[in-house]
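Everything in the sequence shown is counted per full-length UniProt numbering, starting at 1 for the first residue and increasing by one.
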Amino acid sequence: MELDGRGILRANRNVLLRDFFKEPASHIRDAEVLNEIQKQYYALKLESTVREEMELEEDVRSLHDNGVNNLAAWSEATAKVKASVRDDTKHFLNAAAEEARKPTTTIEPIKMEGLYESVYNARWHHVVEVPDGEGTGMEVKDGEPSQSWTYKEVGDTLEKDDGVEQSGEAPPVLMVLTSDKGWPYTLNAPYGCGNDLCVNCEVDRVWQIVLDDLTKWFSNFDLTLNSSPLFRVLIGTPGIGKSMAAGSYLLYQLLHYDIKKLQVVVHCFGDTAYVF
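Structure below.
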């Protein structure tokens with residue numbers, strides 16, 4: 001680039017670097033220009049990198065021809081086969097084989113007594129609006145609400161439907177689930193988040209979408225066409241409750257799903273997994 005293509009035959013402008021470094025004079029006929037290129041630092045660095053890759057490919061080809069395609073085969077290879085590769089390759093494979101022979105460290109699973117029962121039997125409360133003489137107040141009631149929010153299909157998703165008239169008690173303003181031993185999220189939170197899980201209509205909407213996916217999946221008799229449920233990613237502003245609220249509420253609802261269809265639920269936080 002720095003020499004503006006001087007001395008390069010037009011037919012050789014797209015030549016592979018490996019071919020160029022094998023016979024540079026056959027691609028750049030002007031000896032003065034070629035010498036100037038070969039003295040450049042970037043050219044020396046590039047040539048060194050390309051030649052190293054070429055030598056590594058030769059080692060790989062040699063090992064393949066001798067039936068060495070994995071570390072176990074390398075460990076059992078004859079001295080003659082090992083001598084056919086460069087020292088750098090030999091040292092790298094020896095180190096990798098030695099590392100592979102070391103016993104792997106496994107972490108024993110920890111049984112968290114009572115956590116499953118606490119999450120499964122979480123207690124319900126809900127908040128409803130109560131009109132009074134000065135406006136509208138709020139009242140906390142025990143138990144699960146008699147009726148929750150309703151949703152309508154909009155495109156490929158669900159949205160809350162405020163236009164549906166419901167008889168009896170109005171839908172709640174908020175639902176609260178309490179697990180005495182906390183939730184997986186609270187066990188991983190640096191400062192703790194309490195044992196109360198607050199569920200609004202948006203959190204419940206997430207579950208309704210997942211529930212619809214599960215219903216379609218389990219009603220699918222040809223698993224070759226739909227071998228797993230649809231992957232979903234929950235996005236939103238940090239701090240709005242994607243992990244604590246939506247994640248914990250999904251866990252609770254999945255644990256109450258048909259046990260004949262869904263026997264195990266795994267809730268993950270980084271490299272920590274909770275198996276229910």
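Ideal placement from N, C-alpha and C gives every residue a C-beta, glycine not left out.
Drop a sphere of 10 angstroms on the beta-carbon of residue i, count the other beta-carbons inside from all chains shown, and report buried for 16 or more, exposed for fewer.
i, result
"S146", "exposed"
"V210", "buried"
"R6", "Note that R6 scores 45 on pLDDT, short of 50, meaning its location in the model is unreliable; the coordinates nonetheless yield the value given after this. Label assigned to R6: exposed."
"Y252", "buried"
"H64", "exposed"
"L230", "exposed"
"G247", "buried"
"A122", "buried"
"Y249", "buried"
"residue 349", "Nothing about residue 349 can be reported from this structure: the residues present for the chain run from 1 to 276 only."
"G182", "buried"
"V206", "buried"
"H256", "exposed"
"V264", "exposed"
"residue 321", "As shown, the chain starts at 1 and ends at 276. That puts residue 321 outside it, with no answer to give."
"V85", "buried"
"K260", "exposed"
"A11", "Annotation note: pLDDT 47 at A11 (below 50); position unreliable, coordinate value reported separately. Per the 10 Å Cβ criterion, exposed."
Can you tell me the Cβ-Cβ gap for residue i and residue j, rounded? I've got them flagged as a contact below 8 Å.
i, j, result
"V199", "A245", "6 Å"
"W124", "G143", "5 Å"
Can you check DSSP and say which residues form a bridge with residue i?
i, result
"Y274", "H267"
"Y151", "K160"
"D196", "T178"
"V140", "V127"
Would you kindly work out how many angstroms separate the C-alpha atoms of residue i and residue j, rounded to a whole number?
i, j, result
"T186", "K82", "54 Å"
"V203", "F218", "23 Å"
"V68", "W74", "6 Å"
"E129", "G137", "6 Å"
"L56", "M112", "50 Å"
"M1", "R101", "Note on M1: pLDDT 40, under 50, position unreliable in the model; the coordinate value appears next. Answer to the nearest angstrom: the Cα atoms are 49 Å apart."
"S118", "A273", "17 Å"
"T178", "E153", "30 Å"
"E108", "P131", "55 Å"
"E173", "E99", "In the sequence as presented, Glu is not what sits at residue 173; that position holds Val. Cα to Cα, the separation comes out at about 58 Å."
"G114", "T78", "57 Å"
"residue 282", "S243", "Because the chain spans 1 through 276 in this model, residue 282 falls outside it and cannot be assessed."
"L93", "P184", "42 Å"
"D161", "W149", "8 Å"
"H267", "G194", "18 Å"
"E159", "P171", "15 Å"
"D180", "D196", "9 Å"
"K80", "L71", "17 Å"
"L214", "T157", "14 Å"
"Y41", "D59", "Because Y41 carries a pLDDT of 44, less than 50, the predicted location of this residue cannot be relied on, and the following value inherits that uncertainty. C-alpha separation (whole angstroms): 27 Å."
Can you find a C-beta in chain D that's less than 8 Å from the C-beta of residue i?
i, result
"E139", "Protein chains in the displayed structure number just one, and chain D is not present."
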